[in-house]
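> These protein sequences, in sequence, are chains W and X.
Throughout, this note's numbering is defined as the position within the first sequence, counted from one, plus 2.
Throughout, this note's numbering is defined as the position within the second sequence, counted from one, plus 2.
Note that beta-carbon positions come from the ideal geometry of N, C-alpha and C, so glycine has one too.
Given the structure is predicted, the values throughout are model-derived calculations rather than measurements.
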Amino acid sequence: MNISNNSNYVVNLESVTFSYRDKAPIINNITLKIPRKKVIAIMGGSGSGKTTLLKLISGQIKPLSGSIKVFDEDIVNQSNKGLLELRKKLGLLFQFGALFTDMNVYDNVAFNLRENTNLPESIIRKVVAMKLNAVGLFGTQNLMPNDLSGGMARRVALARATVLDPELMLYDEPFTGLDPISLNVIARLIKELNEFLNQTSILVTHDINSSFKIADYIYFLGNGKIVAEGSPQEIKNSENEFVKKFILGGIDDSYKYEYQSISEYHSYLSRTK
Amino acid sequence: MNKVYTFISAIGKPFANFIIHLGAIINVFISILYSFVYVFKNPYLVIKEIYYCGVKSLIIISCSGFFVGMVLALQGYNTLSKFGSVSMVGSLVAISLLRELGPVLTAILFAARAGSGITAEIGLMKATEQLEAMNVMAVSPIKRVLAPKFLGGVISTPLLCGTFNVSGIYGGYVVAVIILKLDEGSFWSQMISNIDFHYDVLNGIIKSIVFAIVINLISVYQGYISKPTPEGVSNATTQTVVNSAIIIFALDYILTALMFK
Numbered sequence: 003m004n005i006s007n008n009s010n011y012v013v014n015l016e017s018v019t020f021s022y023r024d025k026a027p028i029i030n031n032i033t034l035k036i037p038r039k040k041v042i043a044i045m046g047g048s049g050s051g052k053t054t055l056l057k058l059i060s061g062q063i064k065p066l067s068g069s070i071k072v073f074d075e076d077i078v079n080q081s082n083k084g085l086l087e088l089r090k091k092l093g094l095l096f097q098f099g100a101l102f103t104d105m106n107v108y109d110n111v112a113f114n115l116r117e118n119t120n121l122p123e124s125i126i127r128k129v130v131a132m133k134l135n136a137v138g139l140f141g142t143q144n145l146m147p148n149d150l151s152g153g154m155a156r157r158v159a160l161a162r163a164t165v166l167d168p169e170l171m172l173y174d175e176p177f178t179g180l181d182p183i184s185l186n187v188i189a190r191l192i193k194e195l196n197e198f199l200n201q202t203s204i205l206v207t208h209d210i211n212s213s214f215k216i217a218d219y220i221y222f223l224g225n226g227k228i229v230a231e232g233s234p235q236e237i238k239n240s241e242n243e244f245v246k247k248f249i250l251g252g253i254d255d256s257y258k259y260e261y262q263s264i265s266e267y268h269s270y271l272s273r274t275k
Numbered sequence: 003m004n005k006v007y008t009f010i011s012a013i014g015k016p017f018a019n020f021i022i023h024l025g026a027i028i029n030v031f032i033s034i035l036y037s038f039v040y041v042f043k044n045p046y047l048v049i050k051e052i053y054y055c056g057v058k059s060l061i062i063i064s065c066s067g068f069f070v071g072m073v074l075a076l077q078g079y080n081t082l083s084k085f086g087s088v089s090m091v092g093s094l095v096a097i098s099l100l101r102e103l104g105p106v107l108t109a110i111l112f113a114a115r116a117g118s119g120i121t122a123e124i125g126l127m128k129a130t131e132q133l134e135a136m137n138v139m140a141v142s143p144i145k146r147v148l149a150p151k152f153l154g155g156v157i158s159t160p161l162l163c164g165t166f167n168v169s170g171i172y173g174g175y176v177v178a179v180i181i182l183k184l185d186e187g188s189f190w191s192q193m194i195s196n197i198d199f200h201y202d203v204l205n206g207i208i209k210s211i212v213f214a215i216v217i218n219l220i221s222v223y224q225g226y227i228s229k230p231t232p233e234g235v236s237n238a239t240t241q242t243v244v245n246s247a248i249i250i251f252a253l254d255y256i257l258t259a260l261m262f263k
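See below:
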């Protein structure tokens with residue numbers, strides 16, 4: 003797949019830079035495009051800026067510089083009202099589900115329907131049942147989030163995130179902390195939902211096997227920059243040292259697996275001399 | 003020169019922080035007021051909050067009121083007996099409760115019992131990304147979470163204040179009439195003749211409503227701005243109780259000066 007030839011993009015990032023307060027940039031001049039109806043994986047080590055990138059795309063945080071367009075709309079300069087309207091077209095699966103702990107499974111999944119549509123309760127009941135059935139959790143309607151295992155909670159969160167059939171789905175580390183069976187179930191669900199609902203999916207993960215299985219295209223982040231990109235096969239054959247080490251799980255002495263030295267640290271050292 | 007800079011920044015920083023927080027809290031308050039249309043369309047959200055912060059506070063409020071009334075009656079009886087005016091105990095208890103102790107103590111107890119709970123709940127929702135999840139689903143957390151909690155608290159507090167006053171007067175009655183054998187008729191008749199509805203009761207209710215708005219605004223605001231960490235939530239909860247207590251006492255003086263000239 004040649005991604006640069008595809009003009010039909012859902013997300014378009016141009017020279018985006020972001021840092022938390024006055025720290026070193028966690029996203030450093032990144033340009034990337036997400037084509038429609040594909041599963042795109044954003045991979046990289048811990049602290050490489052994957053989740054930050056997802057937050058930038060969903061408009062939860064604003065970049066220091068650069069432009070971000072989602073559905074051809076500039077979300078950086080979007081008003082709060084405009085942002086809320088735009089968010090009706092996207093779903094986000096949080097790393098730990100972020101289920102509402104004061105509501106049962108049914109109310110969690112029905113939440114978006116009740117808040118953003120005028121559907122009668124009888125229809126909502128059917129849609130919720132259908133969504134829970136799709137994630138293999140029909141019959142859990144009356145359970146509270148505390149009663150669910152990690153994998154079940156993630157699937158309920160998936161049902162909640164997809165209840166309005168969003169055009170763009172964002173997955174934040176959907177495989178973290180899951181056993182191999184649950185992990186494969188979630189991976190299969192993501193692929194199936196993407197196909198059946200004609201969605202575009204952006205998957206932030208560091209799980210190599212699952213993303214190679216379900217992603218159409220992979221971006222590899224390292225130190226706030228895209229260090230490699232391509233189809234899963236291209237990534238597997240990548241000559242990039244960091245990518246090779248990441249895939250093989252080896253230890254590379256040349257790769258600094260530590261927080262980049264910052265000015266406060268130097269001033270601390272000079273003070274303590 | 004460095005000392006001058008340090009001194010100016012030591013004064014300036016807290017002052018700047020105060021102004022920033024004041025601006026932010028007013029902003030949140032205005033957003034809550036805008037959300038009332040949504041809240042009125044979904045009254046079950048407010049009813050749920052009235053149950054959690056109002057109904058569940060009934061026991062602590064009525065018990066505290068009862069004992070405060072007992073103490074007032076006992077102290078009043080001991081003091082007034084020196085002047086041969088023990089029949090005024092009923093009036094003393096009622097006026098003290100209606101004008102001052104009822105609104106103030108109810109507000110303090112509410113801040114400690116329900117306000118801290120509201121802050122902790124919102125803070126934990128923030129820490130577990132539940133507020134962010136709402137935002138991403140195009141639902142404003144201020145509209146869906148903060149506004150119902152605020153309104154539920156504002157409705158509950160004056161009602162709890164009424165409960166506190168009634169329990170307090172009954173506590174005073176138990177001590178003065180049942181234990182100290184004061185004449186029941188003079189206890190009630192002195193109370194009735196010395197209490198003015200507008201001057202005592204209505205002013206007490208107004209005080210209670212003002213306190214309710216302040217405490218509940220502080221509670222939801224502190225939860226909303228809390229750091230999403232255990233320490234952050236704990237700190238926000240403490241701030242709710244401390245800030246509420248100080249502001250209630252300061253406001254009580256101002257309101258008393260304006261109302262009871």
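With a Cβ-Cβ cutoff of 7 angstroms, do W:T54 and W:D174 count as a contact?
Against a cut-off of 7 angstroms, the Cβ pair of W:D174 and W:T54 comes out as no contact.
> Residues in its own chain within less than 7 angstroms of W:L34 by CB, not counting five upstream and five downstream?
L15, Y221, I228.
> Let's test the definition: count the other Cβ atoms within 10 Å of the Cβ of X:E131 and tell me whether it reaches 16, buried, or not, exposed.
So X:E131 counts as buried.
> Flag this pair as yes or no: are the beta carbons of X:T231 and X:T121 separated by less than 7 angstroms?
Contact: no.
> Considering only C-alpha positions, which residue in the set W:L150, W:V187, W:A136, W:L92 is nearest to W:N106?
Out of W:L150, W:V187, W:A136, W:L92, W:L150 has the C-alpha closest to the C-alpha of W:N106.
> Between W:L223 and W:G61, is the Cβ-Cβ spacing less than 7 angstroms?
No, they are not a contact pair.
> Give, in chain order, every residue of the region 136–151 of chain X whose Cβ lies closer than 9 angstroms to some Cβ of chain W.
Those residues of the region 136–151 of chain X that come within reach of chain W (Cβ to Cβ, closer than 9 angstroms) are M136, N137, V138, M139, A140, V141, S142, R146.
> Please state whether DSSP places W:L205 in a helix, a strand or coil.
Three-state DSSP puts W:L205 in a strand.
> Starting from X:T242, follow the alpha helix (DSSP H) in both directions and report where the run begins and ends.
Residues 232–261.
> List the residues of chain X that W:N114 touches, going by C-beta distances under 7 angstroms, in chain order.
Those are M139, listed as they occur along chain X.
> Between the C-alpha atoms of W:Y11 and W:F73, what's the straight-line distance to the nearest angstrom?
W:Y11 and W:F73: Cα-Cα distance of roughly 8 angstroms.
> X:I197 lies in the beta strand (DSSP E); which residues open and close that run?
No beta strand (DSSP E) contains X:I197, which DSSP labels as neither H nor E.
> Can you find a CB in chain X that lies within less than 7 angstroms of the CB of W:I126?
Chain X, which has no Cβ nearer than 7 angstroms to the Cβ of W:I126, makes this no.
> If you measure from the beta carbon of X:T8 to each beta carbon in chain W, is any gap under 7 angstroms?
No, X:T8 lies away from the interface with chain W (no Cβ there is under 7 angstroms from its Cβ).
> What three-state label does DSSP hand W:I220 in the structure shown?
Strand at W:I220.
> Mind checking whether W:I44 and W:L58 have CB atoms under 7 angstroms apart?
Result no, Cβ atoms of W:I44 and W:L58 do not sit closer than 7 angstroms.
> Please state the DSSP three-state secondary structure of W:R67.
For the sequence presented, residue 67 of chain W should be read as Ser rather than Arg. Note: W:S67 maps to strand in three-state DSSP.
> Indicate whether X:N196 and X:S93 have their beta-carbon atoms separated by less than 7 angstroms.
Closer than 7 angstroms, so yes.
> How is the beta strand (DSSP E) around W:D174 delimited, first residue to last?
Note, W:D174: beta strand (DSSP E), 170–174.
> How many Å lie between X:F166 and X:A214 at the Cα?
Near 14 angstroms, if we compare the C-alpha coordinates of X:A214 and X:F166.
> Taking the beta strand (DSSP E) that W:V12 falls in, what are its first and last residues?
Per DSSP, W:V12 belongs to the beta strand (DSSP E) from 11–20.
> For the region 218–230 of chain X against the region 16–34 of chain X, are there 3 or more C-beta pairs whose distance is under 8 angstroms?
Result yes; three or more Cβ-Cβ pairs closer than 8 angstroms.
> So, at 6 angstroms on beta carbons, what are the nonlocal neighbours of X:K145 in its own chain, with the 5 sequence-adjacent residues on each side left out?
Correct list, in chain order: S37, Y40.
> Given this structure, state the Cα-to-Cα distance separating X:V106 from W:A100, to the nearest angstrom.
Each residue's Cα considered, the two are about 38 angstroms apart.
> Going by C-alpha to C-alpha distance, which of X:V179, X:I207, X:L103 sits closest to X:S158?
Of X:V179, X:I207, X:L103, the residue nearest in Cα terms is X:I207.
> Pull up the distance between the alpha-carbon of X:K5 and that of X:K15, whole angstroms please.
Cα-Cα distance, rounded: 15 angstroms.
> Measure the CB-CB distance between X:A113 and X:I217 and report whether it falls below 7 angstroms.
Yes, the pair counts as a contact, with Cβ atoms nearer than the cut-off.
> Would you mind giving the Cβ-Cβ distance between X:V179 and X:E186, rounded to the nearest angstrom? I have them listed as a contact below 8 angstroms.
About 5 angstroms separates the two Cβ atoms, so the contact holds.
> Below 8 angstroms on C-beta distance, what does X:E134 contact in chain W?
Those within 8 angstroms of X:E134 in chain W are Q62, F96, A100.
> Against chain W, which members of the region 93–125 of chain X pass a CB distance test of less than 7 angstroms?
Residues passing the 7 angstroms Cβ filter: none.
> For X:T130, return the contacting residues in chain W, with the cut-off set at a CB-CB distance below 8 angstroms.
Chain W residues near X:T130: F98, A100, T103.
> Evaluate X:A252 with the Cβ neighbour count: other Cβ atoms within 10 Å of its Cβ, from every protein chain shown; 16 or more gives buried, anything less gives exposed.
By the 10 Å Cβ count, X:A252 comes out exposed.
> Give the residues of chain X in contact with W:R157, contact being defined as C-beta atoms less than 8 angstroms apart.
Per Cβ cutoff of 8 angstroms: no residues; W:R157 is ~15 angstroms from chain X at best.
> Note down the Cα distance separating W:S272 from W:A26, rounded to an integer number of angstroms.
One C-alpha to the other measures close to 20 angstroms.
> Measure from the alpha carbon of W:K90 to the alpha carbon of each residue in W:A163, W:V137, W:N186, then state which is nearest.
The shortest Cα separation from W:K90 among W:A163, W:V137, W:N186 belongs to W:A163.
> Would you mind reading off the limits of the beta strand (DSSP E) that contains W:E87?
Unbroken run through W:E87 is the alpha helix (DSSP H), 82–89; no beta strand (DSSP E).
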